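For the sequence shown, my numbering assigns the number 8 to the initial residue and increments by one for each residue that follows.
C-beta: ideal position from N, C-alpha, C; glycine also.
If you're wondering where the values come from, they're calculated on a predicted model, not measured in any experiment.
Below is one structure, written out as structure tokens; comments come after it.
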Amino acid sequence: GAARRGRGGGGGGGAGPPPPPILPDSEYPDWLWTIHQPNPPFEELLERAERDGVDSLGYFEQRLLLRGYSKKRIKEHNAERGK
8 GAARRGRGGG GGGGAGPPPP PILPDSEYPD WLWTIHQPNP PFEELLERAE
58 RDGVDSLGYF EQRLLLRGYS KKRIKEHNAE RGK
């Protein structure tokens, strides 16, 4: 009745599906172990791209570089308009 309202759960009284099994570390993708690390700064990515070429960066790093470059261009454009 009304006393159960707001408790959540779908009724039925079951415990729900079992949790997924815990696998050995080797069964998980490599990127999982670095996901907690901060992204490299734009300047570092730009330096690496100029030194070693853009293709030396991974896909995610290339996206960060492009995003940082776009932000820099927008800031420079806005600064010029403010004069």
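Check                                                                                                  : Outcome
Of the residues P27, I81, L71 and K82, the one placed nearest N46, counting alpha carbons only         : L71
First and last residue of the uninterrupted alpha helix (DSSP H) at H43                                : Unbroken run through H43: none, as it is neither H nor E.
Buried versus exposed call for L52 [16 or more other C-beta atoms within 10 Å across all chains shown] : buried
Rounded C-alpha distance that separates N85 from Q69                                                   : 24 Å
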